[in-house]
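Student:
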Amino acid sequence: FSSSRSNMADSISLFKPFMANDIDEPVLKVLHSGYIAQGPKVEEFEADLKKFLDFEHVLSLNSGTAGLHLALRLLEKPHGAWPGWTSDDEVLTTALTCTATNWPILANGLKIKWVDVDPKTANINLDDLEAKLSPKTKVIMFVHWGGCPVDLDRVQRIKGVCKQKYGFEPYVVEDCCHSFGAEFKGRKLGTTHSNLCVFSFQAIKHLTSVDGGLLTVPNAELYRRGKLLRWFGIDRERRSGGGDFRMEPDVPEYGYKFHMNDVNATVGILNLKHVPWILERCRQNAKFYDKELSGVPGVTILDVVAGSNPSYWLYSLKIVRKRDFIAFMSERGVMVSQVHARNDKHTTVAPFVAPLPLLDALEESLICIPVGWWLTTADLQKVVRCVKEFVGAGPAKLPAKL
Numbered sequence: 053f054s055s056s057r058s059n060m061a062d063s064i065s066l067f068k069p070f071m072a073n074d075i076d077e078p079v080l081k082v083l084h085s086g087y088i089a090q091g092p093k094v095e096e097f098e099a100d101l102k103k104f105l106d107f108e109h110v111l112s113l114n115s116g117t118a119g120l121h122l123a124l125r126l127l128e129k130p131h132g133a134w135p136g137w138t139s140d141d142e143v144l145t146t147a148l149t150c151t152a153t154n155w156p157i158l159a160n161g162l163k164i165k166w167v168d169v170d171p172k173t174a175n176i177n178l179d180d181l182e183a184k185l186s187p188k189t190k191v192i193m194f195v196h197w198g199g200c201p202v203d204l205d206r207v208q209r210i211k212g213v214c215k216q217k218y219g220f221e222p223y224v225v226e227d228c229c230h231s232f233g234a235e236f237k238g239r240k241l242g243t244t245h246s247n248l249c250v251f252s253f254q255a256i257k258h259l260t261s262v263d264g265g266l267l268t269v270p271n272a273e274l275y276r277r278g279k280l281l282r283w284f285g286i287d288r289e290r291r292s293g294g295g296d297f298r299m300e301p302d303v304p305e306y307g308y309k310f311h312m313n314d315v316n317a318t319v320g321i322l323n324l325k326h327v328p329w330i331l332e333r334c335r336q337n338a339k340f341y342d343k344e345l346s347g348v349p350g351v352t353i354l355d356v357v358a359g360s361n362p363s364y365w366l367y368s369l370k371i372v373r374k375r376d377f378i379a380f381m382s383e384r385g386v387m388v389s390q391v392h393a394r395n396d397k398h399t400t401v402a403p404f405v406a407p408l409p410l411l412d413a414l415e416e417s418l419i420c421i422p423v424g425w426w427l428t429t430a431d432l433q434k435v436v437r438c439v440k441e442f443v444g445a446g447p448a449k450l451p452a453k454l
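In this text, residue positions in the sequence shown follow the numbering used here: the first is 53, and each later residue adds one.
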């Protein structure tokens, strides 16, 4: 569901990497410093992220996907009242997301149980989520689609329902990879409700470190273990074997090579300074679309949960004759896409197939239009003009709502 164009120079892009103008010299300095692995720049980047999020337990990583994998791995082990999980347990998750959300479930040996979508938001359907709770539901996972928050208060209540029925609260893993800087009830995503939350700093995100990710965890014990498991299970802050942390005498729990390096961290440090205005620009662009496209026959604007302040990495809407719309916009130099295809149709998850009628219907009309920081006023006006031209050129009677 993506559009293409042979001459991209005059097109309006759906995505565009942001790089600070002053990035070259600091990156070159690190590259030639003799220390390019995880070091002081990673520590500086993490300190900046703690300040931005107003949250203490942050773990920088080499991708958002690594963060999702690590989050599930951290929950395998029992701690406190938490019973841990086994390969017989399941994760309730959405199929409308990047495959990077759900493949770590398979990689950890857990089972997937698909939850339908809310057609008004494209986020996970919380009624269906509650209905599908079972004694095997150890983790709830969802993406905040396009940077528009899920109702986290309702999710918290659903956790309580599970505890009443089955004697434990499932952990929630939030895929915030669309959502850096988004807020719910006045606090940034990644910092609330005792959830584990994962961000992506991949090339085209609001904050890019070229590639990278972040995991936030709700307590000191998960933070301690996360620091170990992101680097083979070895404590980099401990000096043994003559002062070399690589000479660890014992590794009680194996880990991964998931850490960030100083080169990526340097890029992240410099680009993070620009995130506030990037967020503001995307939000203003979304408000423009809301105003100009609201009530247009054949177009339906998605709802935003009360009390949330989206990051608008994507601006999604529902459109009549979607495939025709993609071709129409491409011919006019406007890149549009669904961005992520549903995950449940892949062979690798065939054992977990389940009916998702609301997603079936939504996929017929869901589309994303450009909303990023690079758009000019003329670009925004052109996008709106093209959308209105398309629906105006269609059948005489178009549905007001989809």
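Idealized CB from N, CA, C, for every residue including glycine.
(1) I'd like the ranges of any alpha helix (DSSP H) spanning at least 4 consecutive residues and lying wholly in the region 276–349.
(2) Taking the straight line between their C-alpha atoms, what separation do you get for S58 and G91?
(3) So which of E182, L274 and G136 has the shortest CA-CA distance to K211?
(4) For H109, does the count of other Cβ atoms within 10 angstroms reach 16, so buried, or fall short, so exposed?
(5) For P156, is the classification buried or exposed, using 16 other Cβ atoms within 10 angstroms of its Cβ as the cut-off for buried?
(6) Taking K459 as part of the beta strand (DSSP E), name the residues at either end of that continuous run.
(7) So, do the region 171–178 and the region 401–421 have three or more beta carbon pairs nearer to each other than 8 Å?
(8) Assuming A317 and S115 are in contact, meaning their beta carbons sit under 8 Å apart, how far apart are those beta carbons, in whole angstroms?
(9) Within the region 180–258, note down every full beta strand (DSSP E) run reaching 3 residues or more, in order along the chain.
(10) Hey, could you find the ends of the alpha helix (DSSP H) C438 is sitting in?
(11) Taking V202 as the reference, which of A89, A234, G444 and E416 has the closest Cα?
(12) Checking 8 Å against the spacing of the C-beta atoms, do G320 and F97 come in under that value?
(13) For K217, count the other beta carbons within 10 Å of its own beta carbon; 16 or more makes it buried, fewer makes it exposed. Which is it?
(14) Starting from the Cα of H230, find the closest Cα among G424, A430 and Q433 and give me that residue.
(15) Who are K163's beta bridge partners in DSSP?
(16) Rounded to the nearest angstrom, what separates K443 and V372 at their Cα positions?
(17) Return the CA-CA distance between S363 and V315, expressed in angstroms with no decimal places.
(18) Using 8 Å as the threshold, is the C-beta distance between F107 and T243 below it?
(19) Does DSSP put K449 in a helix, a strand or coil?
Tutor: Taking the geometry as given:
(1) 314–324 and 327–345
(2) Confidence is the limiting factor: at S58 the pLDDT is only 39, short of 50, which leaves the residue's position unreliable and the question unanswerable from this model.
(3) E182
(4) buried
(5) buried
(6) Within the shown structure, residues of the chain are numbered from 53 to 454, placing residue 459 beyond reach of any answer.
(7) The region 171–178 is in contact with the region 401–421.
(8) Rounded, the Cβ-Cβ distance is 14 Å, inconsistent with contact.
(9) 189–195, 223–227 and 248–252
(10) Per DSSP, C438 belongs to the alpha helix (DSSP H) from T429 to G444.
(11) A234
(12) yes
(13) exposed
(14) Taking only the C-alpha atoms, the option nearest H230 is G424.
(15) E142
(16) At residue 443 the sequence reads Val, which differs from the Lys that was named. Approximately 7 Å, taken between the alpha carbons.
(17) 26 Å
(18) yes
(19) At K449, the pLDDT of 43 sits below 50, so the modelled position is not reliable; the number obtained from the coordinates is stated separately. K449 falls in the coil class under three-state DSSP.
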